[in-house]
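Student: Protein sequences appear in the order of chains G and S.
Going by the numbering used here, the first residue of the first sequence is number 44, and it counts up by one from there.
Going by the numbering used here, the first residue of the second sequence is number 44, and it counts up by one from there.
Note that the Cβ used here is the ideal one computed from N, Cα and C, for glycine as well.
Only a predicted model underlies this, so the values are computations on that prediction, with no experimental measurement involved.
Number of protein chains: 2
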Amino acid sequence: MKRIAVLGSTGSIGRQALDIIHALPDQLCVAGLAGGSNLELLQRQIDEFRPGVFYSSVRLETGCGAEFVSMEEMVSHPDVDVVIVATAGKAGLSPTLAALRAGKTVALASKEVLVMAGEIVVREASLHQAHIIPVDSEHSAIWQCLQGEDSRPRRLLLTASGGPFYRYSQSQLAKVTPEQALRHPVWKMGRKVTIDSATLMNKGLEVIEAHWLFSLPFDSISVLVHPQSIVHSMVEFTDGSLKAQLGHPDMRLPIQYALSYPERWTNTELPHLDWNNVQNLSFEPADYDRFPGLKTAVDAGKSGGTYPAVLCAADEVAVDLFLSHRISFTDIARVGQGALEHHESVAHPSLEDILAADAWARGYTERFFSCDGERPRHRTDVEAGRSR
Amino acid sequence: MKRIAVLGSTGSIGRQALDIIHALPDQLCVAGLAGGSNLELLQRQIDEFRPGVFYSSVRLETGCGAEFVSMEEMVSHPDVDVVIVATAGKAGLSPTLAALRAGKTVALASKEVLVMAGEIVVREASLHQAHIIPVDSEHSAIWQCLQGEDSRPRRLLLTASGGPFYRYSQSQLAKVTPEQALRHPVWKMGRKVTIDSATLMNKGLEVIEAHWLFSLPFDSISVLVHPQSIVHSMVEFTDGSLKAQLGHPDMRLPIQYALSYPERWTNTELPHLDWNNVQNLSFEPADYDRFPGLKTAVDAGKSGGTYPAVLCAADEVAVDLFLSHRISFTDIARVGQGALEHHESVAHPSLEDILAADAWARGYTERFFSCDGERPRHRTDVEAGRSR
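(1) Nearest chain S C-beta to Asn-319(G) closer than 8 Å, yes or no?
(2) Count the other CB atoms, across all protein chains shown, that sit within 10 Å of the CB of Leu-170(S); report buried if there are 16 or more and exposed otherwise.
(3) Where DSSP assigns a beta bridge to Glu-279(S), which residues make up the other side?
(4) Checking contacts by CB at 8 Å: is Trp-255(G) closer than that to chain S?
(5) With DSSP as the reference, identify every bridge partner of Ala-77(S), one or two as the case may be.
(6) Roughly how far, in whole angstroms, is the beta-carbon of Ala-340(S) from the beta-carbon of Met-244(S), given that I think they are within contact range, below 8 Å?
(7) Using a Cβ-Cβ distance under 8 Å, would Phe-326(S) count as near chain G?
(8) What residues match up with Glu-110(S) in a beta bridge as DSSP calls it?
(9) Name the chain S residues that come within less than 8 Å of Phe-439(G), Cβ to Cβ?
(10) From Trp-403(S) to Ile-251(S), what distance separates their C-alpha atoms?
(11) Rounded to whole angstroms, what's the CA-CA distance from Ser-388(S) to Gln-380(S)? Just pull it up for me.
(12) Would you list, in chain order, the members of the stretch 236-267 of chain G that have their beta-carbon closer than 7 Å to a beta-carbon of chain S?
(13) Ala-173(S) and Thr-148(S): beta carbons closer than 8 Å?
(14) Measuring only the C-alpha atoms, how far is Gln-213(S) from Phe-372(S)?
(15) Buried or exposed for Lys-218(G), please, with buried defined as at least 16 other CB atoms from any protein chain shown within 10 angstroms of its CB.
(16) Pick out whichever of Gln-86(G), Gly-95(G) and Leu-289(G) has its Cα sitting closest to the Cα of Glu-104(G).
(17) Going by beta-carbon coordinates alone, are Ala-74(G) and Val-123(G) separated by less than 8 Å?
(18) Nearest chain G C-beta to Asp-193(S) closer than 8 Å, yes or no?
(19) Closest by CA to Trp-318(S), which one among Gly-290(G), Val-268(G) and Thr-309(G)?
(20) Compare the C-beta of Ser-180(S) against all C-beta atoms of chain G and say whether one is closer than 8 Å.
(21) Taking only runs that begin and end inside the stretch 109-197 of chain S, name each unbroken beta strand (DSSP E) of 3 or more residues, in chain order.
(22) For the stretch 248-266 of chain S and the stretch 344-358 of chain S, state whether three or more C-beta atom pairs, one from each stretch, are separated by less than 8 Å.
(23) In angstroms with no decimal places, state the Cα-to-Cα distance between Gly-95(S) and Pro-270(S).
(24) Would Met-44(G) be called buried (16 or more neighbouring beta carbons within 10 Å of its own) or exposed?
(25) For a quick check, are the C-beta atoms of Tyr-304(G) and Asp-282(S) less than 8 Å apart?
(26) Using 8 Å as the threshold, is the stretch 185-201 of chain S in touch with the stretch 390-408 of chain G, meaning 3 or more CB pairs across them?
(27) For Pro-297(S), which residues from the same chain have a beta carbon less than 6 Å from its beta carbon, with the 5 sequence-adjacent residues on both sides left out?
(28) Can the beta-carbon of Ser-80(S) be found closer than 8 Å to that of Gly-233(S)?
(29) Nearest to Gln-322(G) by alpha carbon, out of His-65(S), Phe-326(S) and Ser-99(S)?
(30) Need the endpoints of the alpha helix (DSSP H) that Asn-245(S) sits in, please.
(31) Per DSSP, which one or two residues make a beta bridge with Asn-323(S)?
(32) Would you give the residue range spanned by the alpha helix (DSSP H) that Ser-346(S) belongs to?
(33) Pull out every residue of the stretch 283-296 of chain S whose Cβ sits closer than 7 Å to any Cβ of chain G, in chain order.
(34) Which same chain residues, not among the five before or five after Val-229(G), have their C-beta less than 7 Å away from its C-beta?
(35) Determine, for Cys-188(G), whether the minimum Cβ-Cβ distance to residues of chain S falls below 8 Å.
(36) Return the bridge partner residues of Ser-265(S) from the DSSP annotation.
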């Protein structure tokens with residue numbers, strides 16, 4: 044029986060993780076739950092799963108004896124074996140480090156943790172011999188392909204659905220609305236990830252994550268657009284052989300694998316791929332020109348230091364601005380690029396350096412935009428930033 | 044340094060195995076060579092690789108001090124670590140058993156060994172804790188996908204190129220000539236395997252091999268036609284996740300993996316897949332009606348006993364008859380089916396039972412056909428056998 048703490052239990056990944064735990068009562072139980080602003084759902088989850096400890100942004104009164112603790116206390120609690128980090132934004136950073144320092148296994152679904160603080164996170168995991176198991180479908184795929192392989196791979200091939208606008212021209216992209224962008228053709232995900240997926244910024248951040256998770260240089264990580272989202276990623280080995288992991292595009296599969304690892308468990312609620320319906324798998328190199336967010340993110344990863352943290356923060360602000368109709372779809376990547384170009388990076392940053400860079404990027408980006416619902420006042424500045 | 048004995052060194056797989064050994068002089072050396080009728084090539088191989096022992100069907104005089112031994116003596120020789128069994132037909136059966144009884148690792152490229160005597164071979168390997176590593180691209184793919192996986196897979200998906208005639212109608216198939224059938228669109232292989240590949244009999248025999256190699260029931264082994272031959276096979280696990288092994292269709296890759304296992308070695312002579320050229324991977328269920336050899340072979344495997352040995356022998360005779368223009372392409376499967384229907388199988392056969400079944404099937408099949416180069420005299424008998 045593995046005892047699980049779910050951070051971000053009311054979000055998309057958190058809810059699906061609880062579905063898995065619910066379906067496998069002989070293998071999994073909930074030791075802790077931490078939610079954000081959706082207090083009503085969190086309350087219901089606490090009532091159903093009866094964790095020993097919980098955390099909520101506003102202190103809840105529970106009738107079932109669950110103890111209110113901080114996320115850092117929760118993840119180092121002796122009753123917790125595996126911590127699922129599925130929080131939004133940078134909220135998972137400190138609890139992830141606390142979990143690793145307590146030697147816990149971290150099932151990592153928060154992109155920002157490794158993108159912002161990959162160097163620190165990987166070092167702490169190594170120091171405390173704690174394991175990070177990826178939950179993202181792409182990184183889970185690579186992790187699965189690497190099982191039983193001792194030699195260093197030659198190349199990682201991250202697949203990308205390409206999002207709903209992969210065939211759009213530059214001018215069509217400029218006119219994409221938030222409503223259109225929130226309708227992802229394949230994956231059911233949170234709003235932020237869905238927009239990042241449409242700009243391909245998400246894939247760039249995943250390249251940075253893959254760099255830290257699998258200790259490979261950026262030049263050994265490629266992106267392939269694969270609209271069917273059946274091949275979740277691939278690994279090429281030094282002898283020319285490749286392995287791919289495939290499956291129905293359903294986040295519950297990689298979530299369950301992160302919890303069952305190194306075993307695999309039968310779960311009748313999970314879908315099996317029907318090869319009568321899968322007739323074609325197509326692949327093409329990613330277009331870095333029409334989707335500059337991808338290149339921006341990979342470049343930020345290569346530059347290292349506090350650049351990736353700045354991009355994460357600027358992108359989060361930019362996605363919010365886009366969702367509230369204040370900047371255009373194609374502005375999102377420009378905002379990130381503009382912030383990177385004005386940032387003075389710190390090499391081998393401490394957690395404080397990273398959080399300072401995050402705060403700087405938010406302040407810098409927000410300063411460009413009025414809060415009165417108008418189009419950006421400094422639009423030309425953003426574009427000037429891009430053309431430097 | 045692994046010391047390799049190559050049985051069948053003058054055949055297609057044997058020559059490619061020697062290419063690999065030649066390219067990796069720090070990791071591999073030749074301890075023994077055994078060839079068939081191509082004495083001139085065997086002589087050159089002995090001169091180049093200078094094995095300690097050799098076997099030839101007609102005793103060669105070597106100038107380099109290599110000792111003439113039987114294949115059984117060779118495979119149990121203390122200087123041999125890995126035995127590549129790449130002989131044609133049933134010639135590999137006895138040496139494979141001898142190698143396993145001596146605790147040697149067998150890199151198995153001969154289909155007949157497991158198809159004819161799977162039960163005995165698997166039992167001897169287990170008894171003597173000897174390993175069988177598959178060399179066939181499909182089984183190597185499955186073997187690679189199973190590395191690091193402890194749980195029993197849910198399904199194996201063997202891919203098939205479909206051969207050169209997969210879109211042919213029944214009447215077009217009946218008119219296929221040996222010359223057409225020998226031109227395989229993707230794989231460079233020996234003549235027998237190339238014809239079996241065009242009838243899909245080969246894939247059926249591979250299903251039987253997979254059954255024995257991976258201890259899975261026949262109903263858990265499917266065939267998918269995949270004309271690009273990039274995905275070499277797949278494994279579906281109980282949780283709905285699948286792994287595939289991919290690569291350039293080049294037999295040297297699985298041969299090298301069988302020798303490097305569990306490591307992977309860089310070999311600059313091996314091709315790497317270029318994703319700029321791989322744009323589409325297509326899959327479809329195999330057509331058992333137009334390619335009855337596939338169904339015949341799988342049914343023979345399910346029936347077990349001496350049936351698979353009978354099919355192997357009858358198919359070998361039938362392919363020879365087709366290559367000498369004495370029966371039609373579509374007759375090949377009928378010959379196999381006819382032999383199976385007249386055979387009295389022995390359950391859990393001994394090696395003697397298997398060899399007796401092989402001899403019976405050859406005799407039975409040859410009795411149908413005259414040796415004067417005419418079309419089969421008993422054509423109606425063959426067709427009658429099919430329609431029962």
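Tutor: Quick look at the numbers:
(1) Counting from one through the first sequence, the residue named residue 319(G) turns up at place 276. Taking Cβ atoms only, chain S reaches closer than 8 Å to Asn-319(G), which makes this a yes.
(2) For this step, residue 170(S) is matched to residue 127 along the second sequence. It counts as exposed.
(3) Locating residue 279(S) in the second sequence gives position 236, where the first residue counts as 1. Note: Glu-279(S) sits in a beta bridge opposite Arg-198(S) and Leu-285(S).
(4) Here residue 255(G) corresponds to residue number 212 of the first sequence, with the count starting at 1. Interface with chain S (8 Å Cβ-Cβ cutoff): Trp-255(G) is excluded.
(5) As a working mapping, residue 77(S) is identified with position 34 in the second sequence. In DSSP, Ala-77(S) forms a bridge with Leu-50(S) and Tyr-98(S).
(6) The residue labelled residue 340(S) in the question sits at position 297 within the second sequence. The residue labelled residue 244(S) in the question sits at position 201 within the second sequence. Correct: roughly 6 Å between the Cβ atoms.
(7) In the second sequence, residue 326(S) corresponds to position 283, counting from 1. Yes, Phe-326(S) counts as interfacial toward chain G.
(8) Position 67 of the second sequence holds residue 110(S). For Glu-110(S), which the question treats as bridged, DSSP gives the partners Val-96(S).
(9) The structure shown has nothing for residue 439(G), since chain G only spans 44 to 431.
(10) For the purposes of this step, residue 403(S) is identified with residue 360 of the second sequence, where counting begins at 1. For the purposes of this step, residue 251(S) is identified with residue 208 of the second sequence, where counting begins at 1. Cα-Cα distance, rounded: 21 Å.
(11) Start at 1 with the first residue of the second sequence, and residue 388(S) comes out as number 345. Start at 1 with the first residue of the second sequence, and residue 380(S) comes out as number 337. Using only the alpha carbons, I get a separation of about 14 Å.
(12) Leu-267
(13) Stepping through the second sequence from its first residue, residue 173(S) is reached at position 130. Stepping through the second sequence from its first residue, residue 148(S) is reached at position 105. Taking 8 Å as the Cβ cut-off, Ala-173(S) and Thr-148(S) qualify as a contacting pair.
(14) Looking up residue 213(S) in the second sequence gives position 170. Looking up residue 372(S) in the second sequence gives position 329. So the two alpha carbons sit approximately 10 Å from each other.
(15) Here residue 218(G) refers to the residue found at position 175 when the first sequence is read from its first residue. Answer is exposed; the Cβ neighbour count stays below 16.
(16) Your numbering for residue 104(G) matches position 61 in the first sequence. The candidate whose alpha carbon is nearest that of Glu-104(G) is Gln-86(G).
(17) Translated into positions along the first sequence, residue 74(G) becomes position 31. Translated into positions along the first sequence, residue 123(G) becomes position 80. Going by C-beta atoms, Ala-74(G) is nearer than 8 Å to Val-123(G).
(18) Position 150 of the second sequence, counting from 1, holds the residue named residue 193(S). For Asp-193(S), the answer is yes, since a Cβ of chain G falls inside 8 Å of its Cβ.
(19) Residue mapping note: residue 318(S) aligns to position 275 of the second sequence, counting from 1. Closest option to Trp-318(S), Cα to Cα, is Val-268(G).
(20) On the second sequence, position 137 is the one that residue 180(S) refers to. No, its Cβ sits nowhere closer than 8 Å to a Cβ of chain G.
(21) 125-128, 148-151 and 175-177
(22) yes
(23) By one-based count along the second sequence, residue 95(S) stands at place 52. By one-based count along the second sequence, residue 270(S) stands at place 227. For Gly-95(S) and Pro-270(S), the distance between alpha carbons rounds to 42 Å.
(24) Along the first sequence, one-based indexing puts residue 44(G) at 1. Answer is exposed; the Cβ neighbour count stays below 16.
(25) The residue labelled residue 304(G) in the question sits at position 261 within the first sequence. The residue labelled residue 282(S) in the question sits at position 239 within the second sequence. Cβ distance not < 8 Å, so Tyr-304(G) and Asp-282(S) don't count as in contact.
(26) no
(27) Counting from 1 along the second sequence, the entry for residue 297(S) is found at position 254. So the list reads Val-178, Ser-180 and Ser-183, once near-sequence residues are dropped.
(28) The residue you call residue 80(S) lines up with position 37 of the second sequence. The residue you call residue 233(S) lines up with position 190 of the second sequence. Going by C-beta atoms, Ser-80(S) is not nearer than 8 Å to Gly-233(S).
(29) Counting from one through the first sequence, the residue named residue 322(G) turns up at place 279. Checking every option, the nearest Cα to that of Gln-322(G) belongs to Phe-326(S).
(30) The residue you call residue 245(S) lines up with position 202 of the second sequence. Residues 244-257.
(31) Walking along the second sequence from the start, residue 323(S) turns up at place 280. The partner list for Asn-323(S) (beta bridge, DSSP) reads Ser-325(G).
(32) Numbered from its first residue, the second sequence carries residue 346(S) at position 303. Taken as a continuous stretch (DSSP letters only), the alpha helix (DSSP H) holding Ser-346(S) covers 335-346.
(33) Against chain G - using a Cβ distance shorter than 7 Å - the residues of the stretch 283-296 of chain S are Gly-283, Ser-284, Leu-285, Lys-286, Ala-287, Gln-288, Leu-289, Gly-290, His-291 and Leu-296.
(34) As a working note, residue 229(G) is residue 186 in the first sequence. Answer for Val-229(G): Ser-204, Ser-272 and Pro-292, listed in chain order.
(35) For the purposes of this step, residue 188(G) is identified with residue 145 of the first sequence, where counting begins at 1. Answer yes: the Cβ-Cβ gap between Cys-188(G) and chain S drops below 8 Å somewhere.
(36) The residue given as residue 265(S) occupies position 222 in the second sequence. According to DSSP, which records beta bridges pairwise, Ser-265(S) is partnered with Leu-200(S).
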